[in-house]
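Comments concern the structure below.
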Amino acid sequence: MGVRLLVGTSKGGFWVTSDDRREWAVEGPFFKGWKVTAGLRLAGGGFMAAVASDIYGPAIFLSADGEEWEQVEEGPAYPDGDDRRLRQVWTLREHRGTVYAGVQDAGLFTSGDGGRSWKPVPGLNDHETRGGWMPGAGGLCCHAVLFDHANPDRVWCGISAVGVFRTDDGGTTWTPKNRGVYWAHEDEEFKEIGHCVHGMAQDPDDPGRIFRQDHSGMYRSGDGGESWTKNETGLPSGFGFPVVMDDATRYLFAVPLEADQYRLPAGGAIRVYRSTDGGDSWHSASAGLPAEHAYGGVLRGAMAVDNLDPGGVYMGTTSGTLHVSRDLGESWVNLPVMLPRVLHLSAWVG
Amino acid sequence: MPTVTVHLPSLLEPVTGGVRELTASGGSLREVLDDLVAREPRLKPHLFNEAGEFRRHVLCFHNGTNTRWLACLDAPVADGDTVLFMQAVSGG
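Chains as they are written, first to last, in my numbering: chain A, 62 to 411; chain B, 3 to 94.
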């Protein structure tokens, strides 16, 4: 079964494809000179990509074939005169025919027509705690959206450095869900925010079982975010950005970094940590990864799984290197590329 | 109504489908810019901010003159004039 990776970098997008997950072909860059910040393969066919430029701002593009791209005329945007700016789309997700775009400045927008038009989610974007929202080092961004396949009215999102929010009424109202997570900074008025969630993963059978790579550590919730507990046994550091789950095995993958003030792989070795027991314990699964003089980190959107059997795991680094495992992290291959800083990586089968 | 030629930087090729030279019409520079984004609405958010001003690092030259130096965009234009967009690139 072939795999197609969309690798979004600070200077363009790349297709990395393989029919057997052994031999890989690289095409690109497309959107040359633009940041490619998020990607989505639409359920109805075709692709969506979010791009951004420090000079020219953000945009969303659609493509039927991944070759020819057309910019959406009316992308997500805050109203004219608003003090918020649409600087970048951080995540694109689709659920039940609706596309969700998590953006910076932090907010959520939805599209019911495959990305041609967008509308804001005011219950989140204008949340009563908004005045206390503080940016993380990467900006004030909504970077994660999770769904409940059994309950269409329940959605979670992750905002840095604010925390996790959940709606139970289809997006009308949102409630911070961060109990048990340490603050990144304490707001004077709103005590339920100020949490710097970095990455989120979710059990496909139990949507309320959520894993959270936070600034302050690796957490797990078994009750839809009502409460969180830290589970870091075996991790060399609680700090990191991505956490992803293989749907078939429920194996989790994370990339710890040395302390938040450094944000570097410890000892100059890129190491992936895997949990095979739902986050109870973590073990290095790094065979084949650069083991010395390697200081590229993996950003929150730059790691993905393909959910094949055995599962493939993929990641790109801030140094522009790409690493693939086709055996759930048992072994890794370092692809012979040196791309720009990798911001985003999606993996699609077929 | 005078028609001017508008030149775009290569970074904007994805926006226009690879087109870097367009025409736009108007009696003033402002009308030309309005016509430009009416013809190519996808350009608007890349050239202008939410307040309708040029984005900070977008440079617009009218016949070689930086339009930021103009008191306003009501300067008249003539057939054959050129409008050139560039990005201000800083750093070393």
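Built from N, CA and C at the ideal position, the CB exists for glycine as well.
query                                                                                                                                                                                           : result
Going along chain B, which residues have a C-beta under 9 Å from residue 248 (chain A)?                                                                                                         : What residue 248 (chain A) touches in chain B: nothing, since even the nearest Cβ is about 27 Å away.
Report the neighbours of residue 59 (chain B) on chain A: residues whose CB is nearer than 8 Å to its CB, in chain order.                                                                       : 115 and 116
Is the CB-CB distance between residue 395 (chain A) and residue 358 (chain A) below 8 Å?                                                                                                        : no
Roughly how many angstroms separate the alpha carbons of residue 389 (chain A) and residue 306 (chain A), rounded to a whole number?                                                            : 10 Å
Hey, out of A:218, A:397, A:377 and A:391, whose CA is closest to residue 408 (chain A)'s CA?                                                                                                   : A:377
Sorted by chain position, which residues of the same chain lie with C-beta nearer than 6 Å to residue 37 (chain B)'s C-beta, five sequence neighbours on each side aside?                       : 26, 27 and 28
Using the three-state DSSP reduction, which class does residue 123 (chain B) fall into: helix, strand or coil?                                                                                  : Within the shown structure, residues of chain B are numbered from 3 to 94, placing residue 123 (chain B) beyond reach of any answer.
Do you know how far the Cα of residue 62 (chain A) is from the Cα of residue 292 (chain A)?                                                                                                     : 35 Å
For residue 181 (chain A), which beta-bridge partners are listed by DSSP?                                                                                                                       : A:170
State buried or exposed for residue 347 (chain A), treating a residue as buried only when at least 16 other CB atoms are found within 10 Å of its CB.                                           : buried
Which of helix, strand or coil does DSSP assign to residue 242 (chain A)?                                                                                                                       : coil
Could you check which residue in A:321, A:311, A:379 and A:146 has the C-alpha nearest to that of residue 445 (chain A)?                                                                        : No answer is possible for residue 445 (chain A): it lies beyond the span of chain A, which begins at 62 and ends at 411.
If contact is defined by three or more beta carbon pairs under 8 Å, each pair taking one atom from either stretch, is the region 7-22 of chain B in contact with the region 398-405 of chain A? : no
Closest to residue 67 (chain B) by CA distance: which of B:11, B:83, B:48 and B:4 is it?                                                                                                        : B:83
Can you name, in chain order, every residue of its own chain whose Cβ lies under 7 Å from the Cβ of residue 367 (chain A), other than the five neighbours on each side?                         : 64, 373, 408 and 410
How big is the Cα-Cα spacing for residue 179 (chain A) and residue 115 (chain A)?                                                                                                               : 22 Å
So what's residue 329 (chain A) in DSSP terms, helix, strand or just coil?                                                                                                                      : helix
What residues in the region 114-139 of chain A bring their beta carbon closer than 9 Å to a beta carbon of chain B?                                                                             : 114, 115, 116, 117, 118, 119, 120, 122, 129, 130, 131, 132, 133, 134, 135, 136, 138 and 139
Residues of the region 69-84 of chain B in Cβ contact with chain A at a cutoff of 8 Å, in chain order, please.                                                                                  : none
Got a sec? Which residues, its chain only, sit under 6 Å from residue 257 (chain A) by beta carbon, not counting five neighbours each side?                                                     : 197, 221, 222, 245 and 276
Below 8 Å on the Cβ atoms is my guess for residue 143 (chain A) versus residue 52 (chain B); work out the distance and round it to an integer in Å.                                             : 7 Å
What is the residue span of the beta strand (DSSP E) that residue 405 (chain A) lies within?                                                                                                    : 403-410
Could I get the ranges of all uninterrupted beta strand (DSSP E) runs contained in the region 88-125 of chain A, with 3 residues as the minimum, in chain order?                                : 96-102, 108-114 and 118-124
Using the beta-carbon count (16 or more within 10 Å), is residue 263 (chain A) buried or exposed?                                                                                               : buried
Hey, is the region 96-105 of chain A in contact with the region 150-157 of chain A, meaning 3+ C-beta pairs nearer than 8 Å?                                                                    : yes
Between which two residues does the alpha helix (DSSP H) holding residue 323 (chain A) run?                                                                                                     : 320-323
Can you check the region 200-269 of chain A for any alpha helix (DSSP H) of at least 4 residues that lies completely inside it and give the ranges in chain order?                              : none
Could you please give me the residues that DSSP links to residue 74 (chain A) through a beta bridge?                                                                                            : A:69 and A:91
Just list the residues that DSSP pairs residue 301 (chain A) with in beta bridges.                                                                                                              : A:317
Determine the direct distance from the alpha carbon of residue 8 (chain B) to that of residue 60 (chain B), and round the result to whole angstroms.                                            : 14 Å
Using only alpha-carbon positions, find the residue among B:73, B:39, B:31 and B:56 that is nearest to residue 65 (chain B).                                                                    : B:31
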